[in-house]
Amino acid sequence: MQISLGPVPYYWPQEQLLAFYDDVADSPVDIVYLGEVVCAKRRSLTHEQWLNLGRRLRAAGKSVVFSSLALLEAGSELGQLKRIAANGEFPIEANDVAAVQLARGVPFIAGASLNIYNSRTLEVFAAQGMTRWVPPTELGRSALKALQTTRPNAVQTEVPVWGRMPLAWSARCYTARHHDLPKDSCEFRCLEHPDGLRLKTREDHDFLCLNGTQVQSWQRLNLLDRLPEISDLGVDVVRFSADHPAVLDLVTLTRQALDGNKASGLAMRLDAVPDSNSECCGYWLDQPGMTGQIAPS
Amino acid sequence: MELVCPAGNLQGLKTAIDSGADAVYFGFRDATNARHFAGLNFSTENAAEGIDYAHNRGKRVFLAINTYPQPHNWSAWQNAVDQAADLGVDVLIVADTGVLDYACERWPDLALHLSVQASATSAEAIAFYHERFGIRRAVLPRVLSLSQVQRVCADSPVEIEVFGFGSLCVMVEGRCLLSSHVTGKSPNSFGACSPGEFVRWTETPAGLESRLNGVLIDRYGPREHSGYPTICKGRYHVAGQTTYAMEQPVSLNSLPLLPELMRAGVAALKVEGRQRSPAYVRRVTRVLRSAIDACASDPKTFTPNDTWMSELAGLSEGSQTTLGAFSRYWQ
Numbered sequence: 064m065q066i067s068l069g070p071v072p073y074y075w076p077q078e079q080l081l082a083f084y085d086d087v088a089d090s091p092v093d094i095v096y097l098g099e100v101v102c103a104k105r106r107s108l109t110h111e112q113w114l115n116l117g118r119r120l121r122a123a124g125k126s127v128v129f130s131s132l133a134l135l136e137a138g139s140e141l142g143q144l145k146r147i148a149a150n151g152e153f154p155i156e157a158n159d160v161a162a163v164q165l166a167r168g169v170p171f172i173a174g175a176s177l178n179i180y181n182s183r184t185l186e187v188f189a190a191q192g193m194t195r196w197v198p199p200t201e202l203g204r205s206a207l208k209a210l211q212t213t214r215p216n217a218v219q220t221e222v223p224v225w226g227r228m229p230l231a232w233s234a235r236c237y238t239a240r241h242h243d244l245p246k247d248s249c250e251f252r253c254l255e256h257p258d259g260l261r262l263k264t265r266e267d268h269d270f271l272c273l274n275g276t277q278v279q280s281w282q283r284l285n286l287l288d289r290l291p292e293i294s295d296l297g298v299d300v301v302r303f304s305a306d307h308p309a310v311l312d313l314v315t316l317t318r319q320a321l322d323g324n325k326a327s328g329l330a331m332r333l334d335a336v337p338d339s340n341s342e343c344c345g346y347w348l349d350q351p352g353m354t355g356q357i358a359p360s
Numbered sequence: 074m075e076l077v078c079p080a081g082n083l084q085g086l087k088t089a090i091d092s093g094a095d096a097v098y099f100g101f102r103d104a105t106n107a108r109h110f111a112g113l114n115f116s117t118e119n120a121a122e123g124i125d126y127a128h129n130r131g132k133r134v135f136l137a138i139n140t141y142p143q144p145h146n147w148s149a150w151q152n153a154v155d156q157a158a159d160l161g162v163d164v165l166i167v168a169d170t171g172v173l174d175y176a177c178e179r180w181p182d183l184a185l186h187l188s189v190q191a192s193a194t195s196a197e198a199i200a201f202y203h204e205r206f207g208i209r210r211a212v213l214p215r216v217l218s219l220s221q222v223q224r225v226c227a228d229s230p231v232e233i234e235v236f237g238f239g240s241l242c243v244m245v246e247g248r249c250l251l252s253s254h255v256t257g258k259s260p261n262s263f264g265a266c267s268p269g270e271f272v273r274w275t276e277t278p279a280g281l282e283s284r285l286n287g288v289l290i291d292r293y294g295p296r297e298h299s300g301y302p303t304i305c306k307g308r309y310h311v312a313g314q315t316t317y318a319m320e321q322p323v324s325l326n327s328l329p330l331l332p333e334l335m336r337a338g339v340a341a342l343k344v345e346g347r348q349r350s351p352a353y354v355r356r357v358t359r360v361l362r363s364a365i366d367a368c369a370s371d372p373k374t375f376t377p378n379d380t381w382m383s384e385l386a387g388l389s390e391g392s393q394t395t396l397g398a399f400s401r402y403w404q
């Protein structure tokens, strides 16, 4: 299996982003998703700078994909999407049907928010030029197993295995709301929250992560102990979310384990990642997403 | 502008028609629709009777098959589409791409509307469904500002329907997994948000607590109004604040924007609330009927009158209404 690195979901300043991708170039990541997926106002890099970064990573041997916004509202956001779709060099990840419509002939990867829940939907998107798909976040292993048996030829499957799970998007910016600012003059406060904004229940249980207009799980998905099972389903790519710089250490360990054909899988956690003792894997087991790590049988 | 009202059961359907709806929408008694609640929705017999009732009065009937089937239950959605065609509904409201593909191929004459659960927020997304499946209308998610709605109306290849009144989804519909994360059941795959079987109310020394599958959604003081524990409308701790971090209990009311929506060419106004009582449907439908008629006859001087607004506020979550995402300030 190949290893992919999803887009950075948070608003990291330019220096942090570039330093992170310098490390990515030296990492065993096979596929890198670049670009902004949450809020069009986050502009640490211009479109040209993103493309240059893509070229640099490609020169370092990475396969580069340009990802795109999951919620499109303003005309300017559609304009940005059109530029990405017409980049002429890199395939795109479509996180909204508008991206599929604009891709027209450009190979695309279907992101989790395209809601591919069944074989017939897979076939429709395959006929549009989809080369790989990411199942919906809530899709469990039993449905994936069934879909794998009927997936169209030449379509690859990519399964997220680590990181905070995207759970919802809104027109409202929750980070601006937290700072009591209107969205249109948010003062780019997401820059103050490079790890998102933790939402706890009133009895202080960590629950969700507010990330601008996106809501994520606070707990990180961790399926690293299930890689053999995932591989057995014919999954081609496993995806790590770039939601913490230390993710690259996990990627390195995972690469070593995959190369060593380690049959028992990996129970891997990293002390460098905060709250690494609170992870979840429920969806994979056809349970509520928040369900915690259960030792493999 | 067509007034599209909810029918949770046969009595609700008749009430909506009698109160002034131009069209009603309903679902079958299973997970194929996004209001899959116990005691709600239609058997085939009820559906046939309801369709006759509406058609005899010159009104239209829409069937919502607007959730996402998976391999193990695909056939139920396919059967629902076939049944709808046999029953003679006027329109199918569909979200899933595979179901749209099936309906378009098997029943090419059956009109398709794109459900709000398909999350199409742009003319480009709508064009995708129009070119491939011939959809005739799209229902817009409750995430666009008024000017964005106007732009979609101008550029869309098909008619646009927007939400006029009812419970407010704060997140873009069709992509919200908050309920799924906590209960394993989502609007997408199960047809319900925060299903009742996971809700617990407990009196505690700290106050009345509402929980969803064990997760504390809110805690109420003695004089506080309690709301159904949907995750987006709970109170939480965020960096030292205890607050409605996403949204408070409130309903959407777009009546003040009616002239602008009409001028933009919005073809239909939808009332949310198949889970509500026939009495609720009657009151909301009457108000919206009066408002649409008044606005259509004289859009320049139209203002929503106080009686309508207070009637709707009284029927709202938390007795409050909002323009929601139509207003940039709300966002």
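Taken in order, these protein sequences are the chains called A and B.
Read left to right, the first sequence gives residues 64 to 360 (my numbering).
Read left to right, the second sequence gives residues 74 to 404 (my numbering).
Glycine included, C-beta positions come from ideal geometry on N, C-alpha and C.
(message) What does DSSP give as the partner residue(s) for serine 283 of chain B in the beta ladder?
(response) In the second sequence, residue 283 of chain B corresponds to position 210, counting from 1. Beta-bridge pairing links serine 283 of chain B to B/Trp274, B/Asp291.
(request) Could you tell me whether the region 79-88 of chain B touches the region 109-124 of chain B, using the rule of 3 or more Cβ pairs below 8 angstroms? (result) yes
(message) Residues in the same chain with beta-carbon distance under 7 angstroms from arginine 240 of chain A, minus the five sequence neighbours each way, listed in chain order, please.
(response) On the first sequence, residue 240 of chain A is found 177 positions in, with the first residue counted as 1. Around arginine 240 of chain A: no qualifying Cβ.
(message) Buried or exposed for glutamate 186 of chain A, going by 16 or more other Cβ atoms inside 10 Å?
(response) Start at 1 with the first residue of the first sequence, and residue 186 of chain A comes out as number 123. Buried, since its Cβ has 16 or more Cβ neighbours within 10 Å.
(request) With a 10 Å radius around its C-beta and 16 neighbouring C-beta atoms as the bar for buried, classify glutamate 276 of chain B as buried or exposed. (result) In the second sequence, the residue the question calls residue 276 of chain B occupies position 203. Looking at its Cβ environment, which holds fewer than 16 other Cβ atoms inside 10 Å, glutamate 276 of chain B is exposed.
(message) Using a Cβ distance threshold of 8 angstroms, determine whether the region 233-253 of chain A contacts the region 282-289 of chain B, with at least three qualifying pairs required.
(response) no
(request) Decide if the region 301-310 of chain B is in contact with the region 283-296 of chain A; the criterion is three or more beta carbon pairs, one per stretch, under 8 angstroms apart. (result) no
(request) Could you say which of B/Arg248, B/Asp155, B/Cys368 lies nearest to methionine 228 of chain A if we only look at CA atoms? (result) Sequence index remark: in the first sequence, residue 228 of chain A carries index 165 (1-based). For methionine 228 of chain A, the nearest C-alpha among the options comes from B/Arg248.
(request) Pick out whichever of B/Val77, B/Ala104, B/Gln404, B/Pro332 has its Cα sitting closest to the Cα of alanine 94 of chain B. (result) As a first step, residue 94 of chain B is located in the second sequence; it is residue number 21 there, counting from the start. When only C-alpha atoms are compared, the closest one is B/Val77.
(message) By the 7 angstroms beta-carbon criterion, what residues does the region 276-310 of chain B contribute toward chain A?
(response) Asn286, Val288, Leu289, Arg292, Arg308, Tyr309, His310
(request) For isoleucine 365 of chain B, verify whether its CB is less than 6 angstroms away from any heavy atom of the ligand FAD. (result) Judged by which ligands are present, the structure shown has none, so any question about the ligand FAD falls away.
(request) For tyrosine 317 of chain B, I'd like the list of residues in its chain whose CB is within less than 6 angstroms of its CB, leaving aside the five on either flank, ordered along the chain. (result) The count along the second sequence starts at 1 and reaches residue 317 of chain B at position 244. The answer, listed in chain order, is Arg308.
(request) Report all residues from its chain with a CB closer than 7 angstroms to the CB of glutamate 78 of chain A; omit the five preceding and five following residues, and keep chain order. (result) Your numbering for residue 78 of chain A matches position 15 in the first sequence. There are no such residues.
(message) Counting only beta-carbon separations shorter than 7 angstroms, does glycine 352 of chain A have a partner in chain B?
(response) On the first sequence, residue 352 of chain A is found 289 positions in, with the first residue counted as 1. Chain B contact via Cβ: present.
(request) Consult DSSP for histidine 310 of chain B and reduce its assignment to one of helix, strand or coil. (result) On the second sequence, position 237 is the one that residue 310 of chain B refers to. Note: histidine 310 of chain B maps to strand in three-state DSSP.
(message) DSSP three-state label for leucine 250 of chain B, please.
(response) Residue numbering aside, residue 250 of chain B sits at position 177 when the second sequence is read from its first letter. Residue state, collapsed to three classes: coil.
(request) Look at the Cβ atom of histidine 203 of chain B, then the Cβ atom of valine 231 of chain B, and state whether they are nearer than 7 angstroms. (result) Mapped onto the second sequence, residue 203 of chain B falls at position 130. Mapped onto the second sequence, residue 231 of chain B falls at position 158. Yes.
(request) Decide yes or no for the touch test of the region 198-213 of chain B against the region 109-127 of chain A: beta carbon pairs closer than 8 angstroms, at least 3 of them. (result) no
(request) With a 10 Å radius around its C-beta and 16 neighbouring C-beta atoms as the bar for buried, classify threonine 88 of chain B as buried or exposed. (result) Taking the first residue of the second sequence as 1, we reach residue 88 of chain B at position 15. Threonine 88 of chain B should be labelled buried.
(message) So with CB distances below 8 angstroms, who are the chain B contacts of arginine 265 of chain A?
(response) Residue mapping note: residue 265 of chain A aligns to position 202 of the first sequence, counting from 1. Within chain B, the residues near arginine 265 of chain A are Leu289, Asp291, Arg292, Arg308, Tyr309, His310, Thr315.
(message) Taking contact to mean 3 or more Cβ pairs, one atom from each stretch, closer than 8 angstroms, check whether the region 114-134 of chain B and the region 130-148 of chain A are in contact.
(response) no
(request) Measure the alpha-carbon distance for alanine 305 of chain A versus leucine 202 of chain A and round it to whole angstroms. (result) As a first step, residue 305 of chain A is located in the first sequence; it is residue number 242 there, counting from the start. As a first step, residue 202 of chain A is located in the first sequence; it is residue number 139 there, counting from the start. Answer to the nearest angstrom: the Cα atoms are 21 angstroms apart.
(message) Only counting the same chain, and skipping five residues up and downstream in sequence, which positions put a Cβ closer than 7 angstroms to that of serine 229 of chain B?
(response) Locating residue 229 of chain B in the second sequence gives position 156, where the first residue counts as 1. Answer for serine 229 of chain B: Ala196, Ile199, Ala211, listed in chain order.
(message) Considering only their Cβ atoms, is the gap separating arginine 204 of chain A from tryptophan 347 of chain A smaller than 7 angstroms?
(response) By one-based count along the first sequence, residue 347 of chain A stands at place 284. By one-based count along the first sequence, residue 204 of chain A stands at place 141. Going by C-beta atoms, tryptophan 347 of chain A is nearer than 7 angstroms to arginine 204 of chain A.
(request) Could you check which residue in A/Glu152, A/Leu132, A/Thr317 has the C-alpha nearest to that of alanine 161 of chain A? (result) Looking up residue 161 of chain A in the first sequence gives position 98. Of A/Glu152, A/Leu132, A/Thr317, the residue nearest in Cα terms is A/Leu132.
(message) Judging by CA-CA distance, which residue of A/Glu221, A/Val169, A/Tyr180 is the nearest neighbour of proline 144 of chain B?
(response) Residue 144 of chain B sits at position 71 when you count from the first residue of the second sequence. Answer by Cα proximity: A/Tyr180.
(request) In angstroms with no decimal places, state the Cα-to-Cα distance between aspartate 86 of chain A and leucine 80 of chain A. (result) Residue numbering aside, residue 86 of chain A sits at position 23 when the first sequence is read from its first letter. Residue numbering aside, residue 80 of chain A sits at position 17 when the first sequence is read from its first letter. Roughly 10 angstroms between the two C-alpha positions.
(request) Select from the region 250-269 of chain B all residues with a C-beta closer than 9 angstroms to any C-beta belonging to chain A, and list them in chain order. (result) Leu250, Leu251, Ser253, His254, Val255, Thr256, Gly257, Lys258, Ser259, Asn261, Ser262
(request) Report yes or no: is there a C-beta of chain A within less than 7 angstroms of the C-beta of serine 240 of chain B? (result) Here residue 240 of chain B refers to the residue found at position 167 of the second sequence. Taking Cβ atoms only, chain A never reaches closer than 7 angstroms to serine 240 of chain B, which makes this a no.
(request) Please go through the region 160-245 of chain A and give each complete alpha helix (DSSP H) segment of 4 or more residues, from N-terminal end onward. (result) 160-166, 182-190, 204-213, 237-241
(request) Measure the C-alpha to C-alpha separation of alanine 309 of chain A and aspartate 258 of chain A and round it to an integer number of angstroms. (result) The residue labelled residue 309 of chain A in the question sits at position 246 within the first sequence. The residue labelled residue 258 of chain A in the question sits at position 195 within the first sequence. About 12 angstroms.
(message) Would the region 105-112 of chain A count as touching the region 151-170 of chain B if we require 3 or more Cβ pairs under 8 angstroms?
(response) no
(request) Kindly list, in the order they appear in chain A, the residues whose Cβ is closer than 8 angstroms to that of arginine 401 of chain B. (result) Start at 1 with the first residue of the second sequence, and residue 401 of chain B comes out as number 328. Result: Pro245, Lys246, Asp247.
(request) May I ask you to report which of helix, strand or coil DSSP gives isoleucine 208 of chain B? (result) Here residue 208 of chain B refers to the residue found at position 135 of the second sequence. Isoleucine 208 of chain B falls in the coil class under three-state DSSP.
(message) Do glutamate 75 of chain B and alanine 367 of chain B count as a contact pair if the criterion is CB distance below 7 angstroms?
(response) For this step, residue 367 of chain B is matched to residue 294 along the second sequence. For this step, residue 75 of chain B is matched to residue 2 along the second sequence. No, they are not a contact pair.
(message) Within 10 Å of its beta-carbon, does proline 260 of chain B have 16 or more other beta-carbons around it, so buried, or fewer, so exposed?
(response) What you label residue 260 of chain B is simply residue 187 of the second sequence in a count that begins at 1. Proline 260 of chain B is buried by the Cβ-count criterion.
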